[in-house]
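Numbering (our numbering), first residue to last: 34 to 347.
Below is one structure, written out as structure tokens; comments come after it.
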């Protein structure tokens, strides 16, 4: 793993910043700035990939296979890591083919990754054990990383976020809030969360069976899921994954103007919007201390602006 740190200038531990958030509830709000770890190896993607890369070397594999959408934060980050570490990579991407106007795909291509495009129907098979077994037989020297990087090896790296927060704060926070996409980062923090802190996930996707999703990340074990101090809120997905409305975009732009923190519309924007709504609804105890985790993924704003016009201020 030393090779990894030799190749990158990472800001770790990432900063913990207090937000000058005025409210009549007496709630103190902090943000864990994992978006500042590295310009391109941003946020929770580094956390989830850290021990996957370690396992890649432990198994003495020769290349990496990964999966994601055409604007995937995970593939964006992993492409640079593979280039810097001279690891050949194949990315299976949900989409009709290469689009040179897509900034994420251009970046992945510039890092020398082979891309294989799959239809939406075919892409659903990536969670199928039979498909993965055949792929492993086709590429026996490949280390396969699931979509979003969410597997058991994502757990210890993600848990280190909590370690850093507890070391950086003078007092123990009452709440830690994070967004959920594929669940790996949440599973990591949940694995170490003490009983006196409530962990809250705000889902960016609707209709997910989160209990069984997290159980799968824990390799079928549900012991950690029996903890009583966690909750997943599914009221702020804005209609589904990557869906949005004008209110969300206005909130993101206003937040940047007021607090100087850039959010994106798929994950962090929805989470912080939800936090403000929940504060107004008295979800959090008065006088409590809340930390939300900025998972990065800001490269996705370029893709969003490509698809929808320059709607988010950079």
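Idealized CB from N, CA, C, for every residue including glycine.
Note that this is a predicted model, so its numbers are computed, not measured.
Asked                                                                                                                                                                               : Found
Tell me whether the beta-carbon of residue 220 lies closer than 8 Å to the beta-carbon of residue 251.                                                                              : yes
Using the three-state DSSP reduction, which class does residue 156 fall into: helix, strand or coil?                                                                                : helix
Three or more beta-carbon pairs under 8 Å between the segment 166-184 and the segment 255-273, yes or no?                                                                           : no
Among 45, 304, 173 and 72, which has the Cα closest to the Cα of residue 114?                                                                                                       : 72
For the beta strand (DSSP E) containing residue 87, list its first residue and its last residue.                                                                                    : Residue 87 -> not in any beta strand (DSSP E); alpha helix (DSSP H) instead, spanning 77-91.
Could you check which residue in 212, 197 and 314 has the C-alpha nearest to that of residue 206?                                                                                   : 197
In chain order, what residues of the same chain lie with their CB nearer than 7 Å to the CB of residue 222, ignoring the 5 residues before and after it?                            : 191, 192, 194, 195, 209, 211 and 232
How about residue 122 and residue 147: are their beta carbons less than 8 Å apart?                                                                                                  : yes
Going by beta-carbon coordinates alone, are residue 78 and residue 43 separated by less than 8 Å?                                                                                   : no
In three-state terms, what does DSSP make of residue 34?                                                                                                                            : Residue placement at residue 34 is flagged as unreliable, the pLDDT there being 47, under the threshold of 50; the coordinate-derived value follows with that caveat. Coil, per DSSP.
Using a Cβ distance threshold of 8 Å, determine whether the segment 148-161 contacts the segment 49-68, with at least three qualifying pairs required.                              : no
Quick check on residue 34: buried or exposed, where buried means 16 or more other Cβ atoms within 10 Å of its Cβ?                                                                   : Residue placement at residue 34 cannot be trusted, given a pLDDT of 47 that sits under 50; what the coordinates show is reported in the next sentence. Counting Cβ neighbours within 10 Å, residue 34 comes out exposed, since fewer than 16 surround it.
Taking Cβ to Cβ, would you say residue 330 is nearer than 8 Å to residue 76?                                                                                                        : yes
So within the segment 148-223, which uninterrupted beta strand (DSSP E) runs reach at least 3 residues, ignoring any that extend past its ends?                                     : 175-178 and 208-213
Do three or more CB pairs link the segment 332-347 to the segment 304-318 at distances below 8 Å?                                                                                   : no
If you compare alpha carbons, which of 51, 45, 47 and 57 is closest to residue 18?                                                                                                  : Since the first and last residues shown for the chain are 34 and 347, residue 18 lies out of range.
Tell me which same chain residues have a C-beta within less than 7 Å of the C-beta of residue 292, skipping the five on either side of it?                                          : 52
Please state whether the Cβ-Cβ distance between residue 133 and residue 116 is less than 8 Å.                                                                                       : no
Report the partner residues of residue 101 according to the DSSP bridge assignment.                                                                                                 : 126
Give me, in chain order, the residues of the same chain whose beta-carbon lies closer than 6 Å to that of residue 149; leave out the 5 immediate sequence neighbours on both sides. : 125
What is the rounded straight-line gap between the Cα of residue 339 and the Cα of residue 204?                                                                                      : 43 Å
Note the first and the last residue of the continuous beta strand (DSSP E) segment covering residue 66.                                                                             : 61-66
Nearest to residue 324 by alpha carbon, out of 262, 278 and 230?                                                                                                                    : 230
When you compare only the Cα positions, how much space is there between residue 90 and residue 186?                                                                                 : 13 Å
How many Å lie between residue 284 and residue 328 at the Cα?                                                                                                                       : 18 Å
Excluding the 5 residues preceding and the 5 following residue 48 in the sequence, name in chain order all residues of the same chain whose CB lies nearer than 7 Å to its CB.      : 66 and 69
Report the rounded CA-to-CA distance for residue 267 versus residue 311, giving the unit in angstroms.                                                                              : 12 Å
Could you tell me which residues DSSP pairs with residue 263 in its beta bridges?                                                                                                   : 232
Measure the C-alpha to C-alpha separation of residue 96 and residue 104 and round it to an integer number of angstroms.                                                             : 22 Å
Using only alpha-carbon positions, find the residue among 253, 295 and 109 that is nearest to residue 140.                                                                          : 109
Leaving out the 5 sequence neighbours to the left and right, which residues in its chain are closer than 8 Å to residue 92 when beta-carbon positions are compared?                 : 176
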